[in-house]
Every structure is written in structure tokens, then in C-alpha cells.
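Here's the structure, in C-alpha cells; my notes come after.
Protein chains: 4
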Amino acid sequence: MIPYKLAVRKDSSTIIQISCQGRLCLIGEGNLTVIAGPCAVESEESILINAALVKKMGAHILRGGAYKPRTSPYSFPGLGEEGLKYLALAKRETGLPVVTEVLDVRDIEKVMEVADLLQVGSRNMQNFPLLQELGRLKVPVVLKRGFAATVEEWLLAAEYIMSGGNHQVILCERGIRTFESSTRNTVDLGVVPLIKELSHLPIIVDPSHGTGRWQMVRPIAKAAIAAGADGIMIEVHHNPREALSDGDQSLNPQNFARLMTEVGRIAEMEGKRGVSCKL
Amino acid sequence: MIPYKLAVRKDSSTIIQISCQGRLCLIGEGNLTVIAGPCAVESEESILINAALVKKMGAHILRGGAYKPRTSPYSFPGLGEEGLKYLALAKRETGLPVVTEVLDVRDIEKVMEVADLLQVGSRNMQNFPLLQELGRLKVPVVLKRGFAATVEEWLLAAEYIMSGGNHQVILCERGIRTFESSTRNTVDLGVVPLIKELSHLPIIVDPSHGTGRWQMVRPIAKAAIAAGADGIMIEVHHNPREALSDGDQSLNPQNFARLMTEVGRIAEMEGKRGVSCKL
Amino acid sequence: MIPYKLAVRKDSSTIIQISCQGRLCLIGEGNLTVIAGPCAVESEESILINAALVKKMGAHILRGGAYKPRTSPYSFPGLGEEGLKYLALAKRETGLPVVTEVLDVRDIEKVMEVADLLQVGSRNMQNFPLLQELGRLKVPVVLKRGFAATVEEWLLAAEYIMSGGNHQVILCERGIRTFESSTRNTVDLGVVPLIKELSHLPIIVDPSHGTGRWQMVRPIAKAAIAAGADGIMIEVHHNPREALSDGDQSLNPQNFARLMTEVGRIAEMEGKRGVSCKL
Amino acid sequence: MIPYKLAVRKDSSTIIQISCQGRLCLIGEGNLTVIAGPCAVESEESILINAALVKKMGAHILRGGAYKPRTSPYSFPGLGEEGLKYLALAKRETGLPVVTEVLDVRDIEKVMEVADLLQVGSRNMQNFPLLQELGRLKVPVVLKRGFAATVEEWLLAAEYIMSGGNHQVILCERGIRTFESSTRNTVDLGVVPLIKELSHLPIIVDPSHGTGRWQMVRPIAKAAIAAGADGIMIEVHHNPREALSDGDQSLNPQNFARLMTEVGRIAEMEGKRGVSCKL
Chain A
1 MIPYKLAVRK DSSTIIQISC QGRLCLIGEG NLTVIAGPCA VESEESILIN
51 AALVKKMGAH ILRGGAYKPR TSPYSFPGLG EEGLKYLALA KRETGLPVVT
101 EVLDVRDIEK VMEVADLLQV GSRNMQNFPL LQELGRLKVP VVLKRGFAAT
151 VEEWLLAAEY IMSGGNHQVI LCERGIRTFE SSTRNTVDLG VVPLIKELSH
201 LPIIVDPSHG TGRWQMVRPI AKAAIAAGAD GIMIEVHHNP REALSDGDQS
251 LNPQNFARLM TEVGRIAEME GKRGVSCKL
Chain B
280 MIPYKLAVRK DSSTIIQISC QGRLCLIGEG NLTVIAGPCA VESEESILIN
330 AALVKKMGAH ILRGGAYKPR TSPYSFPGLG EEGLKYLALA KRETGLPVVT
380 EVLDVRDIEK VMEVADLLQV GSRNMQNFPL LQELGRLKVP VVLKRGFAAT
430 VEEWLLAAEY IMSGGNHQVI LCERGIRTFE SSTRNTVDLG VVPLIKELSH
480 LPIIVDPSHG TGRWQMVRPI AKAAIAAGAD GIMIEVHHNP REALSDGDQS
530 LNPQNFARLM TEVGRIAEME GKRGVSCKL
Chain C
559 MIPYKLAVRK DSSTIIQISC QGRLCLIGEG NLTVIAGPCA VESEESILIN
609 AALVKKMGAH ILRGGAYKPR TSPYSFPGLG EEGLKYLALA KRETGLPVVT
659 EVLDVRDIEK VMEVADLLQV GSRNMQNFPL LQELGRLKVP VVLKRGFAAT
709 VEEWLLAAEY IMSGGNHQVI LCERGIRTFE SSTRNTVDLG VVPLIKELSH
759 LPIIVDPSHG TGRWQMVRPI AKAAIAAGAD GIMIEVHHNP REALSDGDQS
809 LNPQNFARLM TEVGRIAEME GKRGVSCKL
Chain D
838 MIPYKLAVRK DSSTIIQISC QGRLCLIGEG NLTVIAGPCA VESEESILIN
888 AALVKKMGAH ILRGGAYKPR TSPYSFPGLG EEGLKYLALA KRETGLPVVT
938 EVLDVRDIEK VMEVADLLQV GSRNMQNFPL LQELGRLKVP VVLKRGFAAT
988 VEEWLLAAEY IMSGGNHQVI LCERGIRTFE SSTRNTVDLG VVPLIKELSH
1038 LPIIVDPSHG TGRWQMVRPI AKAAIAAGAD GIMIEVHHNP REALSDGDQS
1088 LNPQNFARLM TEVGRIAEME GKRGVSCKL
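Protein chains in written order, with my numbering: chain A, 1 to 279; chain B, 280 to 558; chain C, 559 to 837; chain D, 838 to 1116.
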């Protein structure tokens, strides 16, 4: 009846440990994890500024795309290997672990040289060869929900990775596609308690893609934590108006600072360790 | 460009005042309002038990359906006028204001003898003759979002009521229909900050219909308040297993008590008056 | 397991007979029925022109809205009783039976004085008091599918009417709401064979609302008949650019003529009587 | 405003030519192309039987999956290279060109040794590295629409392939995901006239996946042609009850024969060459 064997609820929740430059960062049960950074790595200068910025404000993990899946072949596709190089620099400077998306099985090795966590994007949730390759690694995977994927399909995608031997999967809700067109996506926070009931895997929420509008990011980030999420992934840019992608949904530093304060309070109320990285 | 004139954002938010048996209950800006009670009025005894129960636990308004819209003509349609009589009794006993659904323009007068707020259900959000009749009244209307209605259509439905002269509209998100079938509906909490941006009308959330599973009601109620909602509407039953309708999504007294405590804490953190009824 | 009792497949399909001014019009099994006319009755002159036009081109039933459900309270709501008067005139002039929408239980009597078939619009598919009243009549009802209604809910809406004693229900698919926004709706032709399998009720398709773009109406009308539909409902206007509503999806006379020819050929191939009205 | 440059409507429609064992098969404007065969290549014997069967009944191209994208890691994933070998055999025996799915950029070379057309499945419509690799080839690509992809995204996926230099793209509608759960998918035939208006690329329809139920395949195949599609892709199995995947939506030989007759008649009426392969 339940088609998954490994992703299914276990007695104890998974806690994922990421060690980076001698420090330990935890994701899951009892920890609040904030992943933040720009949508794309745009330049060396820009990623260094943004990495320092999100670290200072308390983020635990740095995000930034070197390979960007873009709907149009004519949009900015990310800096690729050059972007990875800049990410490595930002990691060295800040000590923050890095999560970045991998689109292509042939890029995994390169990406792994830099990334502490690999991200599977929404469009690749059912890219089975990619999932299978990630299943052979020992690195945590952030598995975004397909924008039209059922919860069962999502857990089966996790199962693809886990059945290969890699049990370090972090689920990430990032909004689904509905008839509503006034927001980019419809964030489905109901999956947070649902996943908590069905599975022992950590679940985080990305309100930046989930809403597509920066004005909605802070309230939905707070709501995600109140619903029981283990963390949030937030797009932050030192100057959203000049962002090469997703500027509309990126927070500026002031708004990210406010988010951190308010989210921290809710996390504390929920009994979560407000700082999951022991620096 | 914005097709609504009255539902649109104003300088000051609407606060709706309900006076009942000499007391005043407020809905909107700065107040947390909890509406609770059974899905349907099932019997005199049952509504009295449940009304006393939700009052004791701090609910501000009693809900209970006398006229029930049912997908099948063979399901329990509610007790009708008899149900209204029992609601009147429960109101007298507890002093709680009452909200109940009106389905048929021909029932408005009867329902108004008992109800302090009239509810328009999801299936009637675009029942324009009903909206127009409600626009002629002086009673607050809880306008549930159609399960496949856009935000624009929802605000235009509010506009129907308001353009008739009745500006006391409370919007209620109760879940939308998506491809996901593991929950009854997909609760769309993104509309909370969106409505706050577009309109001055109060918005509340119904996590009972929004999720369809009692296990998810408490986390989503908390998330709704964290996202900025002005209140919640919760189905509570003293014995959910014996409920004539919606037992799966009804909280028992213990779980409702826990919800009230946890929701109260978030409301306080958000600077809301935790008790909106001055008793 | 099957929640409907009356709408369910029977040995013999229903054939609905409409007699109008001494002639007989059939809907169902083996007949192709074309319902055509303007979206709204706009004036005496306009409805007379359009009625004559669609009759000349072979339509069997005249459509035209006197009461229009409009998303905005500020849009043209139809001419109401005046519109009914003009419809009566058009019926007398052409001898065509008339179908028109009824929105409000209080209008049923008035509408019945003119209409040979009553239409329940998409937004009212679950307006249960309206369905119940129609169940007490002896007049055929065209029941449009709610734009987000499942097939089960649609058949249960038919069951509401039938359980009251009125078995003359014609189902009408008019497009559903999906994530696709390049067309007004997504016409779901899969329901045609599905309904034929589940139920003995006639099913027709409205490609005008189903697509929202006149360019798509002819191909989808043909597809509907090829899929097994018993008829089509088409918006036709002698001058679509000046239509007060739905001009974008209305065919002009030339295009309607072409549609009639091409649809007729497919109907013939399917063994349907191309002319269902014995004039 | 229109984000695609190459996929956009041109004066003349694309006709795709496939030459196989000295014969020529055409797809596009004025031709009806029937692609048929089993969901998966299950064994040497099975693919030979089915290939002979569909050839005899007039299919122009043989389909059969060697690499199957499966929601669960525990489902039959196809025979892989062994399946390709059997496909090559079936092609040699029947002379039919072969279309088969490619899931992984690393398999392209192997698949191209056998396949005359490469299929991109619904889940890979936005697998951009795969699309880019296919853009470098000279082989026609059948690009299935993502089950939640907008028409714009679909055409941009075609644009990814075309911008690499490969202009031989055939669009394939295979059903979208909606709230309706009584069928596997909702086939969207409205896209047929819409694509014809927007683009010069050929469009075919897959009613097997589009409906998920064999009873609905024939009516929807006919409807697709009536709506203007250039072809259909049909799952046929000599014994659907024993099929390793998708048995519920596969036609048995009798039903496929009936489909061919009825589809042929509509195609003829539409002025299409009923046989697009000059044998």
C-alpha cells in the first residue's frame, strides 16, 4: 500500500550533519536551518558580498546557482565552472557550507568539489538518471518538489536516491503550480505536517520560489516554521533590482535581517535551536 | 487595471465589530479571532455541549451549520430551521456570537434571526443573487474563497457584497483544489500576505477544510497566524468519530485546547490581542 | 461504491424530446444537436438577427442569456425580464426552441414562460437549492460542468435534479480551469467517452467557453463530435467585435456556416442524424 | 513579447522526412502519421509480434521503450541496451522506422544507432542538458509536453533543441495533470489548434497516456485528428493484460484495427493522406 520503503516514517528522525572547515552544521529534528544567498552566482564580487552578508545575519548555509535551469534558451544560464570557482572562494572566506544545483549527471564531479550539499531542482525531481547517480554519493541532497508532483511522487524520488545507498535527503517545498496566476507559485505548507507524519526526512521550505514576490517571503517563512519545517531557503541579494535572475523574489539585506529576527522567535517558541551551526 | 473599487487596500484596515448580549467582539487589524464549533448542528444536546466546550477554551465565535451544502443529495443536509433553533439556544447559554452558512436567498431572513455573522460557502462564492442580497444587509459576512477561485474573483465577490452597501466582509481561505489528492484541499497561505497587500478586509483561515485531516489542523492554524491572518475557523467536536459530517477534520477537545495555547503564543508574538472578545 | 443511483449508466440512453410550435427536437443517442446564438440577449434587434441567422444555418436550438453571471458587479448583467421578452419574440419568429440560463430560484417561473430548456451555469453546478427546484419541474435542464468539478461531482449534481423527479438532464462540458493561461479554459474532451461509459445522460460540449478564442471553436467542435458528443453549444454573433460580452469567443456568420458544414460531415460519419429537429 | 524565435509560426509548415530502409515517411502538414507499439520492449518475441501487428494494421512508425522513466525505483525500468537490440530486430523485420525514448544524455549515442526518431518524455521536457544535446543532432525529436507545462514552456523547450541547429521537432500532447482523478491525465486537445496558430511545428497526440484507459483511446484519437493533429501515438499490445507496464491503456489488436479504420476516415475527410509512409 505504501510504495516507499526507505523514505517512510521511522522511529527517529534523520539528522543530517554537514561539517565544513572544522565546524558542524545540523539539519533536522530540533534544529532550524537557514539557507540563504543569491539566486545565481553572478560574479566573484557579488557572491563574496552576499555570502558575507548572509553569514553576518545568521544564515547557516550559503546558496547560489552556478548552473541555472532556465525556461528559455536565451536567458542567463549561470556562470558554470567559473561560478563554482567563485562559490569555493565565498566558502573559504565565510566558512559557510555551500549548496548549489546540479542539472547534469556529467557535472556532478565538478560540483562536488565545491558543494557540501547538492540541490536537485524542481524540474529535475523526476530526472531518474540524476537521482540514481546522487544515490551513489555520500553527500546530502536537497530534493526540491516538482512543481506539479504529488507527495507520493516526491517521496518516491527520495526513494530513488536512498535506494542507491545515500540516505541523506532533505525535502524542499518550493511551491506548486495551480490556476492562481497572481503569484508565481502556490506554496503548499500543508505538506510540512504531512511529510512529518509520513516520513522521517527533514523538510525545508523555499518561500522565495514559493511565492515569487519578496513582499510575501517573510510572512511565509514564518508560517513555514510555525507549521513545523526544519528550515528555510531564502533568496537574498545585496541589490535585488540589479539581480540577473529572480530579483522580484529576492530580499534586500534589511528585509532579510527582519526575517531572521522574526523567524528566530518562532523557532525558539517551537523549541528549536535557533542556531543550528555551532560556529 | 484593478477591477475592484471597494475591496481595494485603504489607509486603515477594516475592524468589524460584533456585539452580542452586551459584549463586543472585534475582527481585524490587531485582533485574533477564533471561530470554532462543529461542522453541523447535529442535535440540541450536541450543539450545547460543543458551544460550552469551545467557549471554555477561549473561542470567540461559535460556528455550526444548519444548512449544509452536500455533494450528494443523499448525504445529511443539516437540520435546517430546527438547527437554527438549537443554535439560538447555544448562543443564549454561552453568550457567544454565532456564524452559520446561508445557502438560499429564501433562507436569509430566518438565518438572520439567529446569526451574528452570515457565512457564504466556497461553492457559493459566485452565487451572485445571494451576494447581492447580502449586500443589502447590515450584518457581517464571512466570504469563503471558492475552491478554484482566483484572488481577483474572490475580491470581486467581496465587491458584489460591498457595492450593495454592506462593507462588513471577512475573507476566509479554506483550501483550493489542486492535483494533490493526499489531502482534501491544498491550503493556500500565500493569499494571507497577498490579501493584506491588496485589500483592507480582514482575512481568516479555515485549516479544517483546508487540510481535511485533523492531524494537520494545529500546525496550519499556527502557520496561518504567523503568515498574518486575522483569525482562524476550526471544526471542533466533542466526539469526532461520531460526527455526522467532517469527523476526519474535526479536533477533539484535547487537541483544540492545545491548538488554542500554541496559536495564542504566536498571536501574542505578532502583537495581536489574544482575546478579541471583551467578555 | 458508485455514489449515484439515477445518473448511472442504463441499458438504453436517454433521448430528450423538445416540442416547440408543433415540431419535435431530439437530444441524445443518434442525434446531433446544435445549440447556437449570442452569449447575451443584447437588444430586440440583435437577438432577432442572430436567431434568424443560426436557424438559417441549421441550428436546432437558440441560446441567449437574459440573466448573466458576471465575475464583476460592474459588468453587463444581462437585460433580465426584458431579455426574456425578446427571446420569446425570437422564438415566435424562428420556431426554434430556446435555452437560457437561470441563476436565481426566484426567477425560475419567469424564465419557464419562455424557455424550452433551462441552463444551469458552471458557477451554479453546486447551487443545491437551485438544482432541487429544477428537480421539481418537467423541463429539460442543461447542466454545465463546474469549471473545477470532478466527473463524480457533476454526476451527483445531475442526481440532485433527477432525485427530485426530473430525469431530463443534459450534461454540458464547457472547459475546466488549469494552470494553462494561454486559453480561457482547458476543454476536457476525455469526459465525453467517460460520461458515455458511466451514464446514459446525453452530453454536449461548449467549445466557445471551453477555449475562449473563436479561432479554436471550429476544430474543437469537430473534435467533440468525433469523441462522441451528442451536440455542441456555440456562441454566434452577427458582429462579434460589437458583442457586449464574450466577443472574442463568438463566431461570425461565415465561420459558423463553415463549422456547420464540417461538423455535419463528422456527425454523418458517426451515424448521427445530422438534423435532429424534424422541421 | 513572443519569447521564441524559431518555434514560431512560419509561412510554410515543417514537413519532417524519415527515410528507413529505402522508404520515406512524412510527418506534418497534409500527412496523417500513426505511431504505434507497446509501452515497453518486453522481450524479443513480444516486440516482434507487436511490430508485425501494428505494421499490418497500417501504422507508420513503431514505438517501444527500452529505457522507461518510472515513478518508483522498484518498477520495471525497461530492458535498456537489450531492448534496443530487440528494437533493431523489429525494425529490420518490418521496415518500420522506430521511435524510442532517451532519458540520459549518456545513452544518446547508443539509442541513435537504432532509433529513427528520439522521444523526450513528459518528465524530461525541461531537462535542458538533454535538450541541448539533442539540438546538436540531425535526428527528428518527438517532444512530449510536460504534464504541467504551459504552451509557452513547451515551445521554449522546442526552441532549446532548435537553437542548437536541429529544427526537426515534433510536438506531442500526452495529457496534463488536473484536479480530475477519474482519468490518469486530462488530454488537452485545445493545444492542437493553438499550436497550429502559434507554430509551424507538427503536433501529434498520445491518447493512451492522455487518458490512461483503453476505452477512451479510440474516441480521443479520432477527436485529435478532427481537431487538426498531424498524427497519433498509440500503445498497442497483443495481450494488454500481460503487459509489464501501462496495460490499462493499451489497445488489443481488434481495438487498434477499429481505431485505424475510424481515424482513417476522419483523416481522409480532413484532406490528409491517410498513408504517410510510401511503402
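Idealized CB from N, CA, C, for every residue including glycine.
| Asked | Found |
| --- | --- |
| Could you tell me which of B:Cys299, B:Met391, B:Gly374 and B:Pro408 sits nearest to Arg628 of chain C, measuring between CA atoms? | B:Pro408 |
| Examine chain A for any beta-carbon lying closer than 7 Å to the beta-carbon of Asp1043 of chain D, and answer yes or no. | no |
| Look at the alpha carbon of Leu477 of chain B and the alpha carbon of Arg288 of chain B, and state the distance between them as a whole number of angstroms. | 5 Å |
| For Cys835 of chain C, which of helix, strand or coil comes out of DSSP? | In this prediction, Cys835 of chain C has a pLDDT of 38, which is less than 50 and means its spatial position is unreliable; nothing more can be read from the coordinates. |
| What span of residues does the alpha helix (DSSP H) with Val381 of chain B cover, start to end? | Counting along the chain, Val381 of chain B falls outside any alpha helix (DSSP H), and DSSP gives it neither H nor E. |
| Do Ala90 of chain A and Ala51 of chain A have their CB atoms nearer than 7 Å? | yes |
| Rounding to the nearest angstrom, what Cα-Cα distance links Glu711 of chain C and Leu523 of chain B in this structure? | 20 Å |
| Taking all protein chains shown into account, do 16 or more other C-beta atoms lie within 10 angstroms of the C-beta of Asn464 of chain B, making it buried, or fewer, making it exposed? | buried |
| Mind listing the chain D neighbours of Val105 of chain A? Cutoff is C-beta to C-beta under 9 Å, in chain order. | Asp941, Val942, Arg943 and Pro966 |
| On a CA-only basis, which of D:Asp1085, D:Asp1043 and D:Val988 is nearest Pro840 of chain D? Give me that one, please. | D:Val988 |
| Taking 7 Å as the CB-CB limit, is Arg813 of chain D close to chain A? | Any property of residue 813 of chain D remains undetermined from this structure, which presents chain D solely from 838 to 1116. |
| Determine the DSSP secondary structure at Thr708 of chain C, reduced to helix, strand or coil. | coil |
| Alpha carbon to alpha carbon, what distance is there between Thr736 of chain C and Phe458 of chain B? | 10 Å |
| Whose C-beta lies closer than 7 Å to the C-beta of Gln21 of chain A among residues of the same chain, with five residues either side of it excluded? | Gly95 |
| Taking 7 Å as the CB-CB cut-off, is Ala227 of chain A touching chain B? | yes |
| Residues in the same chain with beta-carbon distance under 7 Å from Ser163 of chain A, minus the five sequence neighbours each way, listed in chain order, please. | Leu6 and Gly135 |
| Out of A:Val141, A:Ile266, A:Arg174 and A:Val98, which one is the CA nearest neighbour of Leu160 of chain A? | A quick correction: the sequence has Tyr, not Leu, at residue 160 of chain A. Ranking A:Val141, A:Ile266, A:Arg174 and A:Val98 by Cα distance to Tyr160 of chain A puts A:Val141 first. |
| Could you please tell me which residues of the segment 908 to 928 of chain D, in chain order, have their CB closer than 7 Å to any CB of chain B? | none |
| Mind listing the chain A neighbours of Arg735 of chain C? Cutoff is C-beta to C-beta under 7 Å, in chain order. | Phe179 |
| Name the one or two DSSP bridge partners that Val1006 of chain D has. | D:Val978 |
| List the DSSP bridge partners of Ser298 of chain B. | B:Leu303 |
| Within 10 angstroms of the Cβ of Thr1098 of chain D, are there 16 or more other Cβ atoms? Answer buried if so, exposed if not. | exposed |
| Run through the segment 65 to 120 of chain A for me and flag every whole alpha helix (DSSP H) of 4 or more residues, listed as ranges in chain order. | 81 to 94 and 108 to 112 |
| What does a CB cutoff of less than 8 Å around Val750 of chain C pick up in its chain, not counting 5 residues either side in sequence? | Glu731, Ile761, Val763, Ala782, Ala785, Gly786 and Ala787 |
| Can you name the start and end residues of the beta strand (DSSP E) that Glu1072 of chain D belongs to? | Gly1068 to Glu1072 |
| To which residues of the same chain is Ala791 of chain D closer than 7 Å at the C-beta, ignoring the five residues directly before and after it? | Residue 791 of chain D falls outside the range modelled here, since chain D spans only 838 to 1116, and no answer is possible. |
| Indicate whether at least one CB of chain B lies closer than 7 Å to the CB of Ala223 of chain A. | yes |
| On the CB-based measure, 16 or more other CB atoms within 10 Å of its CB, does Gly210 of chain A come out buried or exposed? | buried |
| Would Arg1095 of chain D count as contacting chain C if we go by Cβ distances under 7 Å? | no |
| Should Ser208 of chain A be listed as close to the ligand MN, given that the test is whether its C-beta is under 6 Å from any heavy atom? | With respect to the ligand MN, the structure shown offers nothing to examine, as it has no ligands at all. |
| By how many angstroms is the C-alpha of Glu321 of chain B removed from the C-alpha of Leu468 of chain B? | 31 Å |
| Taking C-beta to C-beta, are Val217 of chain A and Leu251 of chain A nearer than 7 Å? | yes |
| State yes or no: is the C-beta of Arg265 of chain A within less than 7 Å of the C-beta of Met548 of chain B? | yes |
| Express the C-alpha separation of Val114 of chain A and Leu84 of chain A in angstroms, rounding to a whole number. | 7 Å |
| Out of C:Cys597, C:Leu582 and C:Arg650, point me to the one whose CA is closest to Thr591 of chain C's CA. | C:Leu582 |
| Got a sec: is the Cβ-Cβ distance from Ser478 of chain B to anything in chain C below 7 Å? | no |
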